[in-house]
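Q: Mind looking over this structure? Questions follow.
Number of protein chains: 2
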Amino acid sequence: MPKANAFYAQSGGVTPVINASAAGVIETAALHKQQIGKVYAGRNGILGALTEDLIDTSKEPRRNIRELINTPSGAFGSCRYKLRSIEENRAEYERLIEVFKAHNIRYFFYNGGGDSADTCLKVSQLSKKLGYPLQAIHVPKTIDNDLPVTDNSPGFGSVAKYVAISTREAALDVASMCSTSTKVFILEVMGRHAGWIAGASGLAAEKSGDAPHIILFPEVPFEQARFIDKVRKTVEKRGHCVIVASEGAQYADGAFLSDSGITDAFGHAQLGGVAPMLANLVQSELGYKNHWAVADYLQRAARHIASKTDVEQAYAVGKAAVEMAIAGKNAVMPVIQRKSGKTYRWSVGEAPLERIANREKAMPKRFISSDGFNITAAARRYFAPLIQGEAYPTYSGGMPRYVTLKCVPVPKKLKTRFDP
Amino acid sequence: MPKANAFYAQSGGVTPVINASAAGVIETAALHKQQIGKVYAGRNGILGALTEDLIDTSKEPRRNIRELINTPSGAFGSCRYKLRSIEENRAEYERLIEVFKAHNIRYFFYNGGGDSADTCLKVSQLSKKLGYPLQAIHVPKTIDNDLPVTDNSPGFGSVAKYVAISTREAALDVASMCSTSTKVFILEVMGRHAGWIAGASGLAAEKSGDAPHIILFPEVPFEQARFIDKVRKTVEKRGHCVIVASEGAQYADGAFLSDSGITDAFGHAQLGGVAPMLANLVQSELGYKNHWAVADYLQRAARHIASKTDVEQAYAVGKAAVEMAIAGKNAVMPVIQRKSGKTYRWSVGEAPLERIANREKAMPKRFISSDGFNITAAARRYFAPLIQGEAYPTYSGGMPRYVTLKCVPVPKKLKTRFDP
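Read top to bottom, the protein sequences are chains A and B. Just so it is clear: in the first sequence, position 187 is 187 by the UniProt record's numbering, and no numbers are missing. Just so it is clear: in the second sequence, position 106 is 106 by the UniProt record's numbering, and no numbers are missing.
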């Protein structure tokens, strides 16, 4: 195999550990200098390739690459940009070939979720459809945990850990206040299409009756009367009630709870939020004093409390992607495989991108309790290993040290510009 | 001094480290068995005294008391209940004496903020006004950092650390997304009357131009046009803008930004939230895609990322309170004193409760930058030492181990009931 350069980019919503995958790719490529020359990172995902905005990772001090393992979010910039098919937008693919050819890029590593797997799959067809020799490997990442085939998605375990810990902590707070003050606490978490993240909050409970008392999943249609009844009974029995709601919680007709329907003076839709909506509902129906929190980016950037297992898996899929490329693979993705047995063990396997792209893995029904308000023992067995271990960043002056890369640009070789 | 028992209780909003003060009180009392018999904790603050609902802390395994140092929120239950004056409600004070006499309680340790200091001051007058010999010592605690005399309030340092870290992490997230997606991120933090917590987010910045780009303080009247202009300029210059808003952000006339003025179908006031209000404003005025988070209880329960300095100070004021009682003091509060010099050093001093109760310490003007949107170097010098050091709880199965006390009740001795 002739020596060539590699392209690496980050795509879609970032995670606390996507940079660990970047480190896995870059450090592993450096171990295979016979096959892989330089790793050029795309600034802002695939856009970096289209605009020839490349970063020379070999100009980065090695310790900076190492520190990526401890740094959340996308160090090279991410993007929300989906390629159309080669048939629909041939110009984009020709541009990619132009850039790749100019910089002798024959390896393409794309680090993202379901949409990005689709982009990666399309790029993998360059070789067959347009005759440019390229191997495209997708590196899995998504806090939503909705990638198929893989047992779990790097990024999810850390968000699960953050949400479970935050739920346990806030539950202690409301439990200590409920005698004379706050009786209901509502935490809104991410997951618009699937309840994986909301479900992970169930790990906060050590025994039956512990918080969270109610979890609202997108998978379970919201029935107001049943919900209110459950809140009332929980407060009557335990003095307080802790609710974790997925941002995707919805009615039977598919309408989101967060669609408030209220518009401001200018006619703009009032941005919702499931948590404040539920808080109003509890207030008006039951009169309980309540507090609510919306974790939003805090949950998916919280590297300070990342799961060690998740960090290790994120690195491992980056490493495996390079090894697959070296082995001549194309249009594949490393996946996490859970081994059977009582002790949690995992290995990295391989899946064709056709089985990954544009498919969402829903949470299985057997993970949701029969009343629809909590998780089952099977769910706990699935979730628990993914949050194992702490992987603290180093601190300086009381603050975590997150690396900012130098991001030295690769000199442009093309005269033509391209506006995606 | 005759040997007698002690009463300890937690009051007002809880913190990540109030239980460390409880450990300081209980463990230090155990070192002075000649003077102090048992420590009885009030269930739900002063209510535990009024209702004779006492917990025998001597029945708690020693390791449980030790683990209080690592456990957030109020292990004995807190309350929001303010005593009126002896003149206004003599019956309440006579009831306290009845309970204290029945259980030979002559030491009163009350762990709270400004309102609780007022309660403690009133209880300290039992001796002089009603002839019951009692020493009342207030143990300072409030995330709001608004207690006077003391350099800082135990509880604040940990919330400051959480907010600064969360801001830095979320800022990395939006920075990596802003090319094609989210350009503005808004984090709402606590502090209805003073901007201490919002100000601490400024520690997220390592150099000029770093996030947070805008901090909204209650102390600085909100001017919409100036705010929008600053957001627009920041996005134009840096690609994104991170905003930290105090829940107490307000207009020049004192109206809170969170008062949306919107009512739901039943005529109930729509619960606001500064962050969603600002998000709507940014959306409608500038059209920037944005995300927002409301930290709420998450920030004040986040023992997992508490400040080591804060934990140590919380323990120290509990310890000092007992030592003051042993020394015969009444109506005083231990305070944190910052020593002069380049390296941060602190000691515990003493202040009379008359100088503490019902006085709020506002953030000094010299801590707020001249444009009103950030903190000054003087503020950084004040805040920085308070978040120093990490004091991780122990973990089991990926989750922090927080102790749940047995809370063995003290048998009631009184026939009479009292309904506060």
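C-beta: ideal position from N, C-alpha, C; glycine also.
Using a threshold of 8 Å, state whether the C-beta atoms of residue 439/B and A20/B are closer than that.
A: It is not possible to answer for residue 439/B, since the shown part of chain B is limited to 1 through 420.
Q: Can you tell me which residues form a DSSP beta bridge with R338/B?
A: Paired residue(s): W346/B.
Q: Could you give the distance in angstroms between the alpha-carbon of E27/B and the alpha-carbon of Y395/B?
A: So the alpha carbons of these two residues sit roughly 24 Å apart.
Q: With DSSP run on the structure shown, which of helix, strand or coil describes N145/B?
A: Residue state, collapsed to three classes: coil.
Q: If you check the beta carbons only, do S127/B and V163/B fall under 8 Å apart?
A: No, the pair does not count as a contact, with Cβ atoms beyond the cut-off.
Q: Taking the alpha-carbon of A170/B as reference, which of A75/A, A302/A, G195/A has the nearest alpha-carbon?
A: Comparing Cα positions, the closest option is A302/A.
Q: Excluding sequence positions up to five away, which residues of its chain have a Cβ less than 6 Å from the Cβ of G24/A?
A: Excluding residues within five positions, the ones whose Cβ falls inside 6 Å are Y315, G318, K319.
Q: Quick check on this structure: which residue in K183/A, V139/A, D296/A has the alpha carbon closest to the alpha carbon of V322/A?
A: When only C-alpha atoms are compared, the closest one is V139/A.
Q: Between the stretch 300-329 of chain B and chain A, which residues of the former have a C-beta closer than 7 Å to a C-beta of the latter?
A: So the close ones are R300, A301, A302, R303, H304, I305, S307.
Q: Where are the alpha helix (DSSP H) runs, 4 residues long or more, that stay fully inside the stretch 37-100 of chain B, in chain order?
A: Counting whole runs of 4 or more residues, the stretch 37-100 of chain B contains the alpha helix (DSSP H) stretches 46-50, 62-67.
Q: With H, G and I counted as helix, E and B as strand and the rest as coil, what does DSSP make of I227/B?
A: For clarity, residue 227/B is Phe in the given sequence; the question names Ile instead. F227/B: helix per DSSP, three-state reduction.
Q: Got a sec? Which residues, its chain only, sit under 6 Å from V52/A by beta carbon, not counting five neighbours each side?
A: With the sequence shown as reference, residue 52/A is identified as Glu, and Val is not the correct amino acid for it. The residues are V99, K412, L414.
Q: Can you give me the start and stop residues for the alpha helix (DSSP H) that Q313/A sits inside?
A: Start and end: 308-326.
Q: Excluding the 5 residues preceding and the 5 following D146/B in the sequence, name in chain order all residues of the same chain whose CB lies nearer than 6 Å to its CB.
A: Excluding positions up to five away in sequence, the list reads A194, E360, K361.
Q: With distances taken from CA atoms, which of F217/B, A198/B, H240/B is nearest G209/B?
A: If we check each option's Cα against that of G209/B, H240/B comes out closest.
Q: In this structure, what does DSSP give as the bridge partners for residue 443/A?
A: Outside the displayed span of chain A (1 to 420) sits residue 443/A, for which this structure offers no information.
Q: Please check if any C-beta of chain B sits within less than 8 Å of the C-beta of E196/A.
A: Contrary to the premise, residue 196/A reads as Trp rather than Glu in this sequence. So, not an interface residue.
Q: Which bits of chain B does D151/A rub up against, with CB to CB less than 9 Å?
A: Chain B residues near D151/A: none, gap ~17 Å exceeds 9 Å.
Q: What is the DSSP secondary structure of Q125/B, counted as helix, strand or coil?
A: DSSP places Q125/B in coil when its eight states are reduced to three.
Q: Name, in chain order, the residues that DSSP records as bridge partners for G112/A.
A: G112/A is bridged to P140/A.
Q: Using only alpha-carbon positions, find the residue among E67/B, C120/B, S73/B that is nearest to S85/B.
A: Measuring from the Cα of S85/B, the nearest candidate turns out to be C120/B.
Q: List the residues that DSSP assigns as beta-bridge partners of V189/A.
A: V189/A is bridged to S246/A.
Q: What do you get for D419/A, buried or exposed, if any count of 16 or more other CB atoms within 10 angstroms of its CB means buried?
A: D419/A should be labelled exposed.
Q: Cα separation between G45/A and H304/A?
A: So the alpha carbons of these two residues sit roughly 25 Å apart.
Q: Do the stretch 283-290 of chain A and the stretch 244-256 of chain A touch if we need at least three Cβ pairs shorter than 8 Å?
A: Because the criterion of three Cβ pairs below 8 Å is not met, the stretch 283-290 of chain A and the stretch 244-256 of chain A do not touch.
Q: What does K33/A reach in chain B if we use C-beta pairs closer than 7 Å?
A: Chain B residues near K33/A: none, gap ~29 Å exceeds 7 Å.
Q: For R80/B, tell me which candidate among A9/B, P276/B, S176/B has the shortest Cα-Cα distance.
A: Residue A9/B is the option with its Cα nearest to R80/B.
Q: Kindly give me the distance between the Cβ atoms of D310/A and V14/A, rounded to whole angstroms, as I take these residues to be in contact under 8 Å.
A: No, D310/A and V14/A are not in contact; Cβ-Cβ is about 14 Å, not under 8 Å.
Q: Give a yes or no on whether the minimum CB-CB distance between T51/A and chain B is below 8 Å.
A: No, its Cβ sits nowhere closer than 8 Å to a Cβ of chain B.
Q: For chain B, is any of its Cβ atoms less than 8 Å away from the one on K406/A?
A: No, because no Cβ of chain B sits closer than 8 Å to the Cβ of K406/A.
Q: If you check the beta carbons only, do residue 451/B and N111/B fall under 8 Å apart?
A: Residue 451/B lies beyond the stretch modelled for chain B, which goes from 1 to 420, so this question has no answer here.
Q: Can you pull the DSSP bridge partners for Q10/A?
A: BP columns for Q10/A point to N111/A.
Q: Is there at least one Cβ from chain A nearer than 8 Å to D173/B's Cβ?
A: D173/B counts as touching chain A.
Q: Cα separation between A211/B and A225/B?
A: A211/B and A225/B: Cα-Cα distance of roughly 21 Å.
Q: Can you tell me which of V410/A, T416/A, Y402/A puts its alpha carbon nearest to the alpha carbon of I69/A?
A: It is Y402/A.
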